[in-house]
Amino acid sequence: MYFTRITTILFILLTYGLTSCKKEADVTPAPQTLVANAGADQNVLPTDVVKLDGSASKGNGQLSYQWTVVRKPGNSTLTLGNTQTVQPTFTPDIVGYYEFELTVQEPTSTTSNAKSQDRVLIKAEYPTPITLDKDITAKTRLFDRIIDPTKPDYIVASNIRTKAELTIDRDVVIAFQRDKQLSIETDGTINAVGVSDQPIRFTGVEAQKSYWAGVVLYSSSTANTLSFVNVEYAGSRIAFTSTKAGLALYGATKAQVALSDCRFNNNDGYGLYVEDGATLRTFARNNFKNQTEAPILIDAYNATRLDAASTFTGSNGRDVIEISSSSITGAQEVKWPAFSDKTPYRLLGNLTVEAGLTLQPGVIVEAARDGMISVNKTGYLSAKGTADQKVTITGAGHTSAYWRGIIVYSISNLNVLDQVEVSGGGSAVIVSGQRSALTVYGRGATLSVKNSRISNSGGYGIMYTSDATLNADANSVNTFASNAQASLYKL
1 MYFTRITTIL
11 FILLTYGLTS
21 CKKEADVTPA
31 PQTLVANAGA
41 DQNVLPTDVV
51 KLDGSASKGN
61 GQLSYQWTVV
71 RKPGNSTLTL
81 GNTQTVQPTF
91 TPDIVGYYEF
101 ELTVQEPTST
111 TSNAKSQDRV
121 LIKAEYPTPI
131 TLDKDITAKT
141 RLFDRIIDPT
151 KPDYIVASNI
161 RTKAELTIDR
171 DVVIAFQRDK
181 QLSIETDGTI
191 NAVGVSDQPI
201 RFTGVEAQKS
211 YWAGVVLYSS
221 STANTLSFVN
231 VEYAGSRIAF
241 TSTKAGLALY
251 GATKAQVALS
261 DCRFNNNDGY
271 GLYVEDGATL
281 RTFARNNFKN
291 QTEAPILIDA
301 YNATRLDAAS
311 TFTGSNGRDV
321 IEISSSSITG
331 AQEVKWPAFS
341 DKTPYRLLGN
351 LTVEAGLTLQ
361 PGVIVEAARD
371 GMISVNKTGY
381 LSAKGTADQK
391 VTITGAGHTS
401 AYWRGIIVYS
411 ISNLNVLDQV
421 EVSGGGSAVI
431 VSGQRSALTV
441 YGRGATLSVK
451 NSRISNSGGY
461 GIMYTSDATL
471 NADANSVNTF
481 ASNAQASLYK
491 L
C-alpha cells in the first residue's frame, strides 16, 4: 500500500510538470505586425506649437521614426525639425492645411525593407475675422486667417485711410460694410499679390452690387501693385468727379498702380477709373464683367497701356473702353491695341494727338456726338489695318453725320490711313465753315489715305487746303459712299 501511494504521487507530479511546461511555452508572445500610427488629426491656431505623436505605432522591439512634410500651404516656408523623433513639434507659419507622413521601421527586422506609413492632417486657422475700423498708420501686413475662401478674414467697419505700407497676402478676403471705402493716401502704398487659385478679394459683406464704396488710390508710389485681385460689389458712392468705380486712380496726385490678372465684377459705375494725370504702370490679363456703366473710364494716354489679352465684353452697361476728353502727349510713339474680344474704344469728347499715335490692326474707335480727333503739329496718326483686320473709326451712334471728323495739322509723313473704315463724320463744321470726315489743313499738313472707305459723312469725304499735302491718288485708291457732298474737296 505504501508503494502504491508513492507511485501515485510521482505520477501526479510528473503529469503536472509536463502540463506546466506546455502552458509556459504557449504564452510566448507571437510576432506583432508593424503598424505606423501618426496620431489623430488636429485643429489648431496658427500660433500654436503643434506636437506630432507617433507613440501609438506598434512593432517588435525598438522602432525607428521618420517624419516628412507631404503638404503645406503654397506660400509656407515651413521645414520640420527633429524628424527622427517620436514626437517632433512645429509652429504653423501660415493659415492652411499641413499634412505629415510617419514612416516606422524595425532596425533589427530580418526584412530590411519592412516599414509602415501613416499620415496626419493639421488644420491651422483662426476662428473669426478681424474688424478693421482705424486708419493704417504703420507698416501692416494682412495675413490669411480663415481657410474657407467664401468667408472674410477681415471686415472693414469704417472708412480706412492707408498712410503707410500695406501688404495683403494671397487668399485674403476683405469684406466691407455698407458704403465703406479703402483709400491709399499719398504717403501710403498697397501691395496685394495673390495667385491664380488663391486670389485676394475686396468684396461686400453682402454680395450686392453697389454695396460698398470701392478703393481709391492717391499714392504715386511705384510699389503700388494689384495682382490676382478681385474687386466686386463696389461703387455705392462717388469716388471723385461724379464717378463711381471699384478702383479709382486720382489724377491730381499722379496716382499709379500695376494691375495684372485682376477681376472687376458686379460694380456700380465702372470697374476701373483712371483720371487724366494718373498712370497705369502696367496692365495685363485683366477681366471686367457686369459693371453698371462701362468696364473702364480712362484718359487717352493710359489707354495705350491696355493689352490685347484683357477682356472687357461681358454684360457691362456698355461693353466699350470709354476715353475721357484728353490728349496724347510725349516724345515717343504710343499704340492703342486691338482687343481679342473686339471691344471698341469710345471717345467721350475730343481727342487731341500731340505725339505719335498708332492704331493697330483691328482697332475700333467710336467717337462721341460731334466729337473730333485733332492731330496737331507735334503729333501724327498712323492707322494701318489689313484686308481682314481693318481699323474702324466711326460714330458711337453708328449713324450718318454723327461725329465731326478727323482734322490733321501735322506735317509728319507718318500720318497714314491704310485699310481704314471711316464712317459717320461731318456732323458739324470742322473748319472754314465746312463739314468733312477727313480734313488736311494748313501749310505743310500731310496725310496719306489708301485702300480705305469713307462713308456717311454729313459733308465731304476728304477736304484739304491748297498748301497741304494729300496723296495724289486719294480719289482713285479709296472708296467713297453715301457722303452728303463730294468725295474730295480742295479749299
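Be aware that the sequence shown starts at 1, since it is given in the UniProt record's numbering, and climbs by one per residue. Quick reminder that beta carbons are idealized off the backbone N, C-alpha and C, glycines included.
Give the C-beta separation of residue i and residue j to the nearest angstrom, bearing in mind that I take them to be a contact with Cβ-Cβ under 8 Å.
i           : j    : result
E366        : L347 : 7 Å
D307        : P344 : Not confirmed; about 16 Å, so no contact.
V257        : L226 : 6 Å
T253        : T186 : 5 Å
residue 492 : K390 : Summary: the structure shown does not reach residue 492, with the chain confined to residues 1 through 491, and so no result is reported for it.
V95         : P129 : Contact flag wrong, Cβ pair sits at about 12 Å.
T313        : Y273 : T313 to Y273, Cβ: 19 Å. No contact.
Y98         : R71  : 7 Å
L166        : I190 : 5 Å
V416        : I454 : At roughly 15 Å, the Cβ-Cβ gap does not stay under 8 Å, so V416 and I454 are not in contact.
T137        : I155 : Going by Cβ atoms, the distance from T137 to I155 rounds to 20 Å, so no, they are not a contact pair.
L259        : N286 : 6 Å
D169        : R141 : 7 Å
Quick one: using the 10 Å Cβ neighbour count with 16 as the cut-off for buried, is residue i buried or exposed?
i           : result
E293        : buried
Q117        : exposed
I321        : buried
I174        : buried
K139        : exposed
Q62         : exposed
A234        : buried
I364        : buried
N82         : exposed
G17         : For G17, the predicted model reports a pLDDT of 46, less than 50, meaning its position is unreliable; a value from the coordinates is still stated below. It is exposed - the Cβ of G17 has fewer than 16 other Cβ atoms within 10 Å.
D473        : exposed
D341        : exposed
S482        : exposed
L488        : buried
G204        : buried
R435        : buried
C21         : Residue placement at C21 cannot be trusted, given a pLDDT of 41 that sits under 50; what the coordinates show is reported in the next sentence. Looking at its Cβ environment, which holds fewer than 16 other Cβ atoms inside 10 Å, C21 is exposed.
K289        : buried
S476        : exposed
residue 492 : Outside the shown range of the chain (1 to 491) lies residue 492, about which nothing can therefore be said.
F480        : buried
For the alpha helix (DSSP H) containing residue i, list its first residue and its last residue.
i    : result
V477 : 474-477
Which residues bound the beta strand (DSSP E) around residue i?
i    : result
S423 : 420-423
F264 : 263-265
N191 : 189-193
L447 : 446-450
I373 : 372-375
S436 : 436-440
F143 : Segment: none, F143 is in no beta strand (DSSP E) and carries neither H nor E.
T131 : 130-132
Y464 : 460-464
S76  : Taken as a continuous stretch (DSSP letters only), S76 belongs to no beta strand (DSSP E), as it is neither H nor E.
T313 : T313 -> no beta strand (DSSP E), and no H or E assigned at all.
V44  : 42-44
Y402 : Here Y402 belongs to no beta strand (DSSP E), and DSSP marks it neither H nor E.
Y301 : Here Y301 belongs to no beta strand (DSSP E), and DSSP marks it neither H nor E.
R119 : 115-124
I155 : 154-156
I168 : 165-168
N287 : 287-289
I393 : 391-395
L351 : 351-353
V274 : 270-274
L488 : 488-490
R161 : 160-162
Which residue or residues does DSSP assign as beta-bridge partners of residue i?
i    : result
Y65  : V104
Q256 : T279
F202 : I174, V231
S455 : S423, A481
R346 : E322, E366
G215 : As written in the sequence, residue 215 is Val, which differs from the Gly given in the question. In DSSP, V215 forms a bridge with L182, L247.
K335 : T358
K58  : V35
K384 : D418
R71  : E99
S327 : T352
For chain C, is any of its Cβ atoms less than 8 Å away from the one on residue i?
i    : result
R369 : Absent here is chain C; the protein component of the structure consists of one chain.
Answer yes or no: the CB of residue i versus the heavy atoms of the ligand MG, is any distance below 7 Å?
i   : result
T83 : You won't find the ligand MG in this model; it holds no ligand whatsoever.
Kindly confirm or deny that the stretch 199-219 and the stretch 176-186 touch, where touching means at least three C-beta pairs closer than 8 Å. Contact between the stretch 199-219 and the stretch 176-186 is present: three or more C-beta pairs spanning the two stretches fall below 8 Å.
Decide yes or no for the touch test of the stretch 33-45 against the stretch 120-128: beta carbon pairs closer than 8 Å, at least 3 of them. yes
Does the stretch 401-409 come within contact of the stretch 384-392, defined as at least 3 CB pairs closer than 8 Å? Contact check between the stretch 401-409 and the stretch 384-392: fewer than three CB pairs, one atom from each, fall below 8 Å, which does not count as touching.
Should the stretch 469-480 be regarded as contacting the stretch 398-405, the criterion being three or more beta carbon pairs within less than 8 Å? no
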